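*Asks:* A single structure is presented below for examination.
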Amino acid sequence: MSKHRLGEFEEVVLLTVAILYGDAYGITILNEIESRLKRDVSIGSLRTVLSRLEKKGYLTSELGEPTAVRGGKRKRFFKVTKYGQKALQETKEQRQQLWDAIPRIAFE
Amino acid sequence: MQNQKMKDPPKWALRFFRWFCRPEMAEDIEGDLMERYHAKASEYGQKKGKRYFIRQVLLLFRPGIIDFRKLFFLPNKGPMLKKHLQFTGRQLLNAKNYAFINIFGLAVGIAACLLILLYVNEEWSYDSFHEHTEDIYRITTLENEDGTIRHLANAYPPLAPLLSSTFPEMEQVCRYFPYNLSVKNPENNLLNQESSFFFADSVFFELFSFRFEQGLPEKVLDQPNAVVLTRSTAQRYFNTQNPIGKSLLLEGNISVQVSGVIEDLPDNSSLQFDFVAAMPLVRKVLGDWALHPQHSWYYPPMYTFAKIPNKADAERVMARMDDFPKEHLSARLAAQKSFEMQPLRKVHFERLEGDLEPATSASVLYILLAVAFLILAIGCSNYINLALSKGFQRLREIGMRKVLGANKNDILVQLSVESFVYLLIALLLALLFVQITLPGFNNIMGRDLSLWENSNWQLAAGTFAVLALMGFLNAVFPFLAVSRFKLTNVIKGGQSLTARVAGGGFIKNGFVIFQFVIAVVLLVATFTIQQQLRFIQQKNLGLQAEQLMIIPIRDDSIQNNFTAAKEQFLRVPGVTSVSAISNFPWDRGYYNFITTISGQGKSIEADLQTLLVEEDFISTMQMEMLDGRPFSKDFGSDASNAFILNEAAAKKFNVQSLDGLRINMSGVAEGEPKIGEVVGIVKDFHLKSLHHQMEPVVLTVAPVSYFLDNFVIRLQTDDLDQYIGQLSEVWKNEISERPFEYFFLDEAFQEFYLKESRLAKVFSYFAILAFIIAALGMFALVAYLSERRMKEMSIRKILGASIFHIIGLLSKDFLRLVLIAILIASPLAWLGMNEWLKDFAFRVDLQWWVFVGAGLITLSIALGTASLRGLKTARVNPVEKIKQE
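Quick look at the structure:
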């Protein structure tokens, strides 16, 4: 049993943060998920997942510079930690194991 | 993007977001929101952008993002809250009397209110548990008897089939017939007279949603010999055995089979029964005529209900109900009967003739509610009053807080915390009071209420809402009063301040007057109700109701052997006389026959109320003859040709003498009318409650024993119990196998006035409560006042004022207020009680001394309270007080 257990949405968010390396804050993450997965996500649900992942140690965050279009508010940039990377890796391996275990005949 | 006219997102949404969001997340989320909003707005336009923004804010309102401390208005300054609590504690201990009066008064008010609400809540929930409650109507009958209209709760057997064929809107029509019969379990020979036995149509349990333990509601009454029992009835007859399929014997020879068991009926059901049997059984019990479409228009009474699922349909049916008799009944019946539809929810609140369960009049509920809220209001006004007075005393404290940096909000919070803590303690105390007094209250009201029931959640929610509001108001009043003052003035204190403080008297006086008005009204009400009850007790009923035992006769075999049974009873020592009567008019009214009075040159046909009796009736009841003689066996022919009028009937027909006065009564015997002469006039007697006017009644000896439905037995003994035992032995051994049932006439009479005696008790307790709370409030006010005027009083004392003088000075103002209260309360009470007394045909007049008495009691309580505290002030050594400073 692995100690990492990622929810489906958690996994998506974590992966997206990794994709956007260096430029991952609320809006870019939202846009990325929307364009890649055609999936509607609310700011609220995204933000709760982000802070949950941060609390678990998979993500770190820091505040950026304020911009005019944001009403003078700063962005919060997220970054995947080593620990988070490991969690993603493990999830992927688990999936792979499951895939490998499917007898060929099942999908014919 | 660069559009200058780009508007900001809705302000309120942003403000809402800023309010609930956790501070550590607020900045970046708000940035995200704004960025997204601008992107959406420039892509899809302002409107959509705004909508998007609002939706996102609402979606952000979720755990994980909400700052819950803010949500519950907790001051985010935790330590400050602790300080507030600490201060509250100190205030409480510092002025124990004041706190006690506040909390106790409130607690009593809340408790009284809760008790009443519990009761009213239960009353209002009557019959609400049926799934189709709102769609069910009872069909009631208006019987036109010679111009007087009786409104009966029931209809008769042929109506239901007629209704369902006439009105397709009626989805189901169901009748039930309540009867009193003997039930026997043939296996263990358990035999009981059952008074709550229903015969009902098979849709009964589909229409009414009683909860089943065994059996299917749609099926249980399908078999023509089926019977359904309640849980506890099943236990009574079959103990722990499974009752399904078991047989019971009705009236000794009709076998029925148990097909279902339902849970015991809820208290708030206006249908109360132990058995429900299939309708066809009525034929076996009463005879084949019982359900005959022509022959059963007068008996048996069938309570008839219809389900109309659509409100508009129901109204249409109601409108057509007026023409229904004309179109579907014979001309003779149509002239006598018309029908009305009564919603099931109203059944409990409108008393009709023949209703099986006592109704509660809605006005009584409103009166009780009003009284409960007034008591609560007294408690509250105490609180506000004292808080106001205290608030002025605490001006300096509040001023000091302000100097040390507290802003307005902090002071409001401080006052609110204090008020809520007090309220909370009061609430707990109130719950304790309710718990303690509930059994007694249940006893008075004849209910089985309990505080901890699921159905009370609305009540609980309501209570908390009211308390929250009270807590807030209790804080806001003093706050507003206090915040009027300038900080510098407050700190300096001094003359101007005291002068202005004294100006706040208007509200204070208003509250005192209000409290005593309520107290006086309640007191007058209590006195008057009790006076009326005493009047009823002492009223000469025209008969001796004490030691008069009634034994219902439910069997024609007993009726046929009436004389023998009478002989048996007379042999029991202590029984001085035995007779019989057809029926007691209080529940089903009198018999009515077409009667003609003739002689002395006139002839009047009338529909006279008739009592059918046995020869010794008048002497057994110890009624008084005004003229002529009572019935007597000595005349031999009294059974066939004698009549006696009561005083009211004699007055109605203007009878001066009995000479040649003859009566012709048709319908009472088979075939021939009964013709005979009036042999006497009996003094008016009351067999109905004193709510009713005296009606003209004619008495005659029952021509056939079939009419004799009750033994009337006069006992003359100090030891009733022993003779009841002997009578029961005689019954069992000589007269019938039926169970021995009896009641005493005076006890039956008591039940007429149950409502009034309950009201009297409730009012007297509430009057006492009102006085206690009002007196407590007054005590505290006098205390506060005397403290403030301590120095003045001390100087007066030194200059030679007597103790009485000082007490007078302190209480003078209050006594004036109490006098005003009495003046306001008296006409109010007079109007109210006059209205109440109108219920009674026989009633006391409102006495002037009741008002004077209530006034005097109020004054002396007020004076006593005031001087109790005044005395303390007056006896203080003046030197002590003056040398301070």
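Protein sequences appear in the order of chains A and B. Quick note: the first sequence, position 59, residue 58 per numbering that gives the first Met the number 0, numbers continuous. Quick note: the second sequence, position 417, residue 416 per numbering that gives the first Met the number 0, numbers continuous. Even for Gly, the Cβ is constructed at its ideal location relative to N, Cα and C. As the structure is a prediction and not an experimental result, all values here were calculated from the model.
What are the boundary residues of the alpha helix (DSSP H) that residue 804 (chain B) is part of?
*Replies:* For the purposes of this step, residue 804 (chain B) is taken as the residue at position 805 of the second sequence. Its alpha helix (DSSP H) spans residues 802-836.
*Asks:* Is it right to say residue 398 (chain B) is buried, meaning 16 or more other beta carbons lie within 10 angstroms of its own, or is it exposed?
*Replies:* Here residue 398 (chain B) refers to the residue found at position 399 of the second sequence. Buried, because 16 or more other Cβ atoms sit within 10 Å of the Cβ of residue 398 (chain B).
*Asks:* For the beta strand (DSSP E) holding residue 17 (chain B), just list the boundary residues, first then last.
*Replies:* The residue labelled residue 17 (chain B) in the question sits at position 18 within the second sequence. Counting along the chain, residue 17 (chain B) falls outside any beta strand (DSSP E), though it belongs to the alpha helix (DSSP H) covering 10-19.
*Asks:* Residue 16 (chain A) touches chain B at which residues, Cβ-Cβ below 8 Å?
*Replies:* Indexing the first sequence from 1 puts residue 16 (chain A) at position 17. Those do not exist, as residue 16 (chain A) stays about 14 Å from chain B at its closest Cβ, beyond 8 Å.
*Asks:* For a quick check, are the C-beta atoms of residue 588 (chain B) and residue 733 (chain B) less than 9 Å apart?
*Replies:* Walking along the second sequence from the start, residue 588 (chain B) turns up at place 589. Walking along the second sequence from the start, residue 733 (chain B) turns up at place 734. No. Outside cutoff.
*Asks:* Three or more C-beta pairs closer than 8 Å, one from the segment 318-328 of chain B and one from the segment 95-112 of chain B: is that the case here?
*Replies:* no
*Asks:* From B:43, B:55, B:38 and B:42, pick the residue whose C-alpha is nearest to that of residue 44 (chain A); which is it?
*Replies:* The residue labelled residue 44 (chain A) in the question sits at position 45 within the first sequence. If we check each option's Cα against that of residue 44 (chain A), B:55 comes out closest.
*Asks:* Could you tell me whether the segment 526-546 of chain B touches the segment 614-624 of chain B, where touching means 3 or more Cβ pairs closer than 8 Å?
*Replies:* yes
*Asks:* Cβ of residue 55 (chain B) less than 9 Å from any chain A Cβ?
*Replies:* The residue you call residue 55 (chain B) lines up with position 56 of the second sequence. With 9 Å as the cut-off, residue 55 (chain B) counts as an interface residue toward chain A.
*Asks:* Report the residue ranges of all beta strand (DSSP E) runs contained in full by the segment 215-281 of chain B; include only those spanning at least 3 residues, in chain order.
*Replies:* 225-229, 246-249, 253-261 and 274-277
*Asks:* Among B:39, B:37 and B:61, which has the Cα closest to the Cα of residue 20 (chain B)?
*Replies:* Working through the second sequence from its first residue, we reach residue 20 (chain B) at position 21. Minimum Cα distance to residue 20 (chain B) is reached at B:61.
*Asks:* Is residue 209 (chain B) helix, strand or coil when you go by DSSP?
*Replies:* What you label residue 209 (chain B) is simply residue 210 of the second sequence in a count that begins at 1. Coil.
*Asks:* Please name the residue in B:633, B:606, B:726 and B:603 whose C-alpha comes closest to that of residue 571 (chain B).
*Replies:* As a position in the second sequence, residue 571 (chain B) is number 572, starting the count at 1. Nearest C-alpha to residue 571 (chain B): B:726.
*Asks:* Curious, which full-length beta strand (DSSP E) runs of at least 3 residues does the segment 92-152 of chain B contain?
*Replies:* 135-144 and 147-151
*Asks:* Can you give me the Cβ contacts of residue 694 (chain B) inside the same chain, cut-off strictly under 7 Å, excluding the 5 residues immediately before and after it?
*Replies:* In the second sequence, residue 694 (chain B) corresponds to position 695, counting from 1. 608 and 647, listed in sequence order.
*Asks:* Specify, as a first and last residue, the run of the alpha helix (DSSP H) that residue 333 (chain B) falls within.
*Replies:* Along the second sequence, read from residue 1 onward, the residue named residue 333 (chain B) stands at position 334. Taken as a continuous stretch (DSSP letters only), the alpha helix (DSSP H) holding residue 333 (chain B) covers 330-335.
*Asks:* Output the boundary residues of the alpha helix (DSSP H) element that contains residue 51 (chain B).
*Replies:* Working through the second sequence from its first residue, we reach residue 51 (chain B) at position 52. Judged by DSSP secondary structure, residue 51 (chain B) falls within the alpha helix (DSSP H) whose first and last residues are 45-59.
*Asks:* If you draw a straight line from the C-alpha of residue 175 (chain B) to the C-alpha of residue 820 (chain B), how long is it?
*Replies:* In the second sequence, the residue the question calls residue 175 (chain B) occupies position 176. In the second sequence, the residue the question calls residue 820 (chain B) occupies position 821. Cα-Cα distance, rounded: 54 Å.
*Asks:* Using beta carbons (cut-off 9 Å, strictly below), is residue 44 (chain B) in contact with chain A?
*Replies:* As a first step, residue 44 (chain B) is located in the second sequence; it is residue number 45 there, counting from the start. Closer than 9 Å: no.
*Asks:* Answer yes if the segment 64-79 of chain A comes into contact with the segment 22-29 of chain A, meaning at least three C-beta pairs across the two stretches below 8 Å, and no otherwise.
*Replies:* yes
*Asks:* Which class does residue 14 (chain A) belong to by DSSP, given the choice of helix, strand or coil?
*Replies:* What you label residue 14 (chain A) is simply residue 15 of the first sequence in a count that begins at 1. Here residue 14 (chain A) sits in helix by DSSP.
*Asks:* Can you find the residues in the same chain that come closer than 8 Å, C-beta to C-beta, to residue 657 (chain B), ignoring five residues on each side of it along the sequence?
*Replies:* Residue mapping note: residue 657 (chain B) aligns to position 658 of the second sequence, counting from 1. Only 626, 627, 676, 677, 678, 679 and 680 meet the Cβ criterion.
*Asks:* With respect to the alpha helix (DSSP H) encompassing residue 558 (chain B), which residues constitute its N-terminal and C-terminal limits?
*Replies:* Taking the second sequence and counting its residues from 1, one reaches residue 558 (chain B) at position 559. Secondary structure note for residue 558 (chain B): its alpha helix (DSSP H) is the uninterrupted segment 555-559.
*Asks:* Confirm, please, whether the CB-CB distance from residue 139 (chain B) to residue 339 (chain B) is below 9 Å.
*Replies:* Locating residue 339 (chain B) in the second sequence gives position 340, where the first residue counts as 1. Locating residue 139 (chain B) in the second sequence gives position 140, where the first residue counts as 1. Yes; because the gap between Cβ atoms is below 9 Å, this pair is in contact.
*Asks:* Give the residues of chain B in contact with residue 78 (chain A), contact being defined as C-beta atoms less than 7 Å apart.
*Replies:* In the first sequence, counting from the first residue as 1, residue 78 (chain A) sits at position 79. For residue 78 (chain A), there are no C-beta contacts with chain B under 7 Å, since the nearest C-beta of that chain is about 14 Å from it.
*Asks:* With a threshold of 9 Å between beta-carbons, can residue 29 (chain A) be considered close to chain B, or not?
*Replies:* The residue given as residue 29 (chain A) occupies position 30 in the first sequence. Yes, residue 29 (chain A) lies at the interface with chain B (some Cβ there is under 9 Å from its Cβ).
*Asks:* Can you tell me whether residue 563 (chain B) is buried or exposed, with buried defined as 16 or more other CB within 10 angstroms of its CB?
*Replies:* The residue given as residue 563 (chain B) occupies position 564 in the second sequence. Burial call: exposed.
*Asks:* May I have the straight-line CA-CA distance separating residue 355 (chain B) from residue 273 (chain B), to the nearest angstrom?
*Replies:* Numbered from 1 along the second sequence, position 356 holds the residue referred to as residue 355 (chain B). Numbered from 1 along the second sequence, position 274 holds the residue referred to as residue 273 (chain B). Rounded to whole angstroms, residue 355 (chain B) to residue 273 (chain B) spans 14 Å at the Cα level.
*Asks:* Nearest to residue 181 (chain B) by CA position, among B:251, B:216 and B:227, is which residue?
*Replies:* To locate residue 181 (chain B), count along the second sequence from 1; it is residue 182. Ranking B:251, B:216 and B:227 by Cα distance to residue 181 (chain B) puts B:251 first.
*Asks:* Nearest to residue 184 (chain B) by CA position, among B:248, B:242, B:193 and B:761, is which residue?
*Replies:* As a working note, residue 184 (chain B) is residue 185 in the second sequence. When only C-alpha atoms are compared, the closest one is B:248.
*Asks:* Only counting the same chain, and skipping five residues up and downstream in sequence, which positions put a Cβ closer than 7 Å to that of residue 497 (chain B)?
*Replies:* Walking along the second sequence from the start, residue 497 (chain B) turns up at place 498. The predicted position of residue 497 (chain B) is uncertain, since its pLDDT is 48 and thus under 50; a value taken from the coordinates is nonetheless stated next. Counting only Cβ-Cβ distances below 7 Å, and skipping sequence neighbours, we find nothing.
*Asks:* Taking its Cβ as the centre, do 16 or more other Cβ atoms sit within 10 Å of residue 531 (chain B), making it buried, or is it exposed?
*Replies:* One-based indexing of the second sequence puts residue 531 (chain B) at position 532. The residue in question, residue 531 (chain B), is buried, as its Cβ has 16 or more Cβ neighbours within 10 Å.
*Asks:* Ignore the nearest five residues each way along the sequence and tell me which others in residue 703 (chain B)'s own chain have a CB closer than 7 Å to its CB.
*Replies:* In the second sequence, counting from the first residue as 1, residue 703 (chain B) sits at position 704. Only 668 meet the Cβ criterion.
*Asks:* Is it buried or exposed, residue 750 (chain B), if we count other Cβ atoms within 10 angstroms and call 16 or more buried?
*Replies:* The count along the second sequence starts at 1 and reaches residue 750 (chain B) at position 751. By the Cβ neighbour-count rule, residue 750 (chain B) is exposed, with fewer than 16 other Cβ atoms within 10 Å of its own.
*Asks:* If you compare alpha carbons, which of B:227, B:48, B:83 and B:132 is closest to residue 341 (chain B)?
*Replies:* Along the second sequence, one-based indexing puts residue 341 (chain B) at 342. Ranking B:227, B:48, B:83 and B:132 by Cα distance to residue 341 (chain B) puts B:132 first.
*Asks:* Going by beta-carbon coordinates alone, are residue 631 (chain B) and residue 611 (chain B) separated by less than 9 Å?
*Replies:* Indexing the second sequence from 1 puts residue 631 (chain B) at position 632. Indexing the second sequence from 1 puts residue 611 (chain B) at position 612. Their beta carbons are not under 9 Å apart, which means residue 631 (chain B) does not touch residue 611 (chain B) by this criterion.
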